[in-house]
Amino acid sequence: MSAIFGVVGLDGRPWTGTDLEPVAQAVAPLGPDGGGTWAGTAGRCGVAVGAALRTSTREDASELQPARGRDGSLVVVADIRIDNRGDLAASLGIADHRGVPDSAFVLAGYERWGGGLLDRLVGEFALAIVDRDRGGVL
Numbered sequence: 000m001s002a003i004f005g006v007v008g009l010d011g012r013p014w015t016g017t018d019l020e021p022v023a024q025a026v027a028p029l030g031p032d033g034g035g036t037w038a039g040t041a042g043r044c045g046v047a048v049g050a051a052l053r054t055s056t057r058e059d060a061s062e063l064q065p066a067r068g069r070d071g072s073l074v075v076v077a078d079i080r081i082d083n084r085g086d087l088a089a090s091l092g093i094a095d096h097r098g099v100p101d102s103a104f105v106l107a108g109y110e111r112w113g114g115g116l117l118d119r120l121v122g123e124f125a126l127a128i129v130d131r132d133r134g135g136v137l
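Sequential numbering of the sequence shown, starting at 0, is according to numbering that gives the first Met the number 0.
In structure tokens:
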């Protein structure tokens, strides 16, 4: 089991990674293989997100979260197992091999389809995407 956690404030006040420290400590036993936090703003929202990760699939071994998009405008935390990686790889131009974590498919899919990504994912997942360009959290 892994855990994702976060806080979104609508008052524009920036949150920090230390705001999440008590939660991060509480969920650490759920994801003893790694994790981390990210804090910043997304439009008028102050956001802090984090993940505690447990390695259970071969793709999990290369997972580093919170994962960031190429230009830094997207951040994702997820407890995810994608079952249609081959289909997504073909649509997104991503290699489907064990060195590519599932979060890379989420980031690329969100960049291409926005919220429509959720209709294209097959598997089990809980996720949060911070979109600094669009100013919000999905």
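Every residue gets a Cβ at the ideal spot worked out from N, C-alpha and C, and that includes glycine. All values derive from a computational prediction rather than experimental measurement.
Backbone CA spacing between residue i and residue j [nearest angstrom]
i: Gly33; j: Arg80; result: 17 Å
i: Leu63; j: Val99; result: 11 Å
i: Ala47; j: Pro21; result: 13 Å
i: Asp86; j: Asp95; result: 9 Å
i: Arg53; j: Pro65; result: 14 Å
i: Phe4; j: Glu110; result: 22 Å
i: Arg57; j: Asp78; result: 14 Å
i: Trp37; j: Asp18; result: 11 Å
i: Ser40; j: Gly49; result: Looking at the sequence itself, residue 40 is Thr, so the reference to Ser does not match. Rounded to whole angstroms, Thr40 to Gly49 spans 14 Å at the Cα level.
i: Trp112; j: Leu106; result: 10 Å
Element boundaries [alpha helix (DSSP H), containing residue i]
i: Ala107; result: 101 to 112
i: Ala2; result: No alpha helix (DSSP H) holds Ala2; the beta strand (DSSP E) holding it covers 2 to 8.
i: Asp118; result: 116 to 119
i: Glu20; result: 20 to 26
Within 8 Å, strictly: CB atoms of residue i and residue j
i: Phe104; j: Leu91; result: yes
i: Ala26; j: Ala51; result: It is Val, not Ala, that sits at residue 26 in the sequence shown. Contact flag set, yes.
i: Gly71; j: Cys44; result: no
i: Leu120; j: Ile128; result: no
i: Asp59; j: Gly122; result: no
Residue(s) in a DSSP beta bridge with residue i
i: Ile93; result: BP columns for Ile93 are empty, so no partner.
i: Gly45; result: Gly8, Thr40
i: Arg67; result: Val74
Residue i (DSSP reduced to helix, strand or coil)
i: Arg53; result: coil
i: Leu137; result: coil
i: Gly35; result: strand
i: Thr17; result: helix
Below-8 Å beta-carbon distance, residue i vs any chain B residue
i: Asp18; result: Given the protein chain composition of this structure (a single chain), no chain B is represented.
Extent of the continuous beta strand (DSSP E) to which residue i belongs
i: Leu126; result: 122 to 130
i: Asp78; result: 73 to 81
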